[in-house]
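The numbering of the sequence shown is the working numbering, which starts it at 4 and goes up by one.
C-beta: ideal position from N, C-alpha, C; glycine also.
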Amino acid sequence: MKLFSSATQSVPVTAEIPQHIAVIMDGNGRWARKRFLPRVAGHKVGVDTVRDLVKYCINLKVDYLTLFAFSSENWRRPSEEVSFLMGLFMDALKREVVKLHQNNIKLLLIGDRSRFDAALIAKIEESEQLTANNNGLTLTIAANYGGRWDVLQAVNKMQLAAPELAGNFSEAHLTPYLSMHYAPEPDLFIRTGGEKRISNFLLWQLAYTEFYFTDTLWPDFNEEAFKLAIHSYQQRERRFGRTSEQLSESND
Ligand code: IPE
Ligand code: IPE
Ligand code: MG
């Protein structure tokens, strides 16, 4: 298994274009309500935004795109909305997976899939298998995902694998068990919809990620809005604990 460097263990190599972008796609319900439509109409249009964002990322040569589609707390929503979202996920997989495959995209799902119905679990597995050998964009969908669940399941697996190390575990022991062990830590985090919180998304992996919040609602998040996020990222000085002076010295 290829292991990526950890921002807390060594200073990562960074570039103008973020290698990994993680997104909280928020604001579908409000987008719909503004138009006097049911909330789920916003989720439906939101799928089109996902399709477009995948294209922008491929054009920019982003390697990893991770999208928060359903949180472990979203089960608290009205059951009709939860069912609609599950159906939408299934339909999107059925409709899009072949196109993703043709575009050399590797699709992966992170999250606790045990709560999904059998047909959805089977479709997820089939989609992952179909695209497993692709080496273009890695597209990760976080569904029934929670950052705390992720850390806890990793701790439990690590402990079972090497009980003799109890009391001496290090980062390097834990990270292979985290859901996103196959990807570098996100460079850029984007949240649409105006809220300024993480809502239990990738807690461990966002340690040194640059955060970008926009009021734009997810269905309105177009190429121009995406470019604003990239531009904001490019203005950041990623110091990883060092001083500005140290950075300019190493650039000389
Ligand atoms: C994000 O949009 C999609 C999901 C959480 C599934 P919301 O449904 O949270 O939309 P708002 O925040 O209510 O507008
Ligand atoms: C976060 O959005 C989860 C997803 C986008 C899937 P929420 O709308 O559920 O977050 P809160 O409840 O406003 O924090
Ligand atoms: Mg929301």
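Counting C-beta atoms within 10 angstroms of its own C-beta, R194 has 16 or more neighbours from the protein chains shown and is therefore classed as buried. W78 sits exposed, since fewer than 16 C-beta atoms from the chains shown fall within 10 Å of its C-beta.
Not a single heavy atom of ligand 3 lies less than 7 Å from the C-beta of G170.
Neighbourhood of ligand 1, defined by CB distance below 7 Å to any of its heavy atoms: M28, D29, G30, N31, G32, R33, W34, R42, G45, H46, G49, A72, F73, S74, N77, L88, G196, L220 and W221, in chain order.
For S202, the distance from the CB to the nearest heavy atom of ligand 2 is below 7 Å.
For the alpha helix (DSSP H) assignment, the uninterrupted runs of no fewer than 4 residues enclosed by the stretch 8 to 63 are, from N- to C-terminal side, 31 to 37 and 42 to 63. F73 has its alpha-carbon roughly 29 Å from the corresponding atom of R239. L70 is bridged by DSSP to V26 and I144. No residue range can be given for E167, since it is assigned to no beta strand (DSSP E) and is classified by DSSP as neither H nor E.
Rounded to whole angstroms, the Cβ separation of P187 and F7 is 4 Å, and the two are in contact under 8 Å. By the CB criterion at 8 Å, K102 and N137 fall outside the cutoff.
Between R151 and N203, the C-beta spacing is below 8 Å. For R79, the secondary structure class from DSSP, reduced to helix, strand or coil, is helix. For L209, there is no enclosing alpha helix (DSSP H), as DSSP marks it with neither H nor E. By the criterion of at least three beta-carbon pairs nearer than 8 Å, the stretch 172 to 179 is not in contact with the stretch 93 to 100. Here the alpha carbons of A125 and H184 stand approximately 23 Å from one another. Residue pairing by DSSP places L191 opposite I24 and E213 in a beta bridge. By a beta-carbon distance limit of 8 Å, R98 does not contact N147. Their separation comes to about 21 Å. Distances from the CA of T11 to each of S253, S251, P81 and R242 were compared; the closest alpha carbon is that of R242. If you draw a straight line from the Cα of L181 to the Cα of A169, it comes to about 18 Å. By the C-beta criterion, the stretch 212 to 226 is judged to be in contact with the stretch 37 to 54, since at least 3 inter-stretch pairs fall below 8 Å.
When the five nearest sequence neighbours on each side are left out, the beta carbons in the same chain lying within less than 6 Å of the beta carbon of S130 are those of L96, V100 and L110, in order along the chain. Looking at the DSSP output, L112 bridges to I144. Using a Cβ distance threshold of 8 Å, V48 and E84 do not count as a contacting pair. By the C-beta density criterion, V16 is exposed, having fewer than 16 other C-beta atoms within 10 angstroms. By the CB criterion at 8 Å, I24 and L209 fall outside the cutoff. E198 has its CB nearer than 7 Å to a heavy atom of ligand 2.
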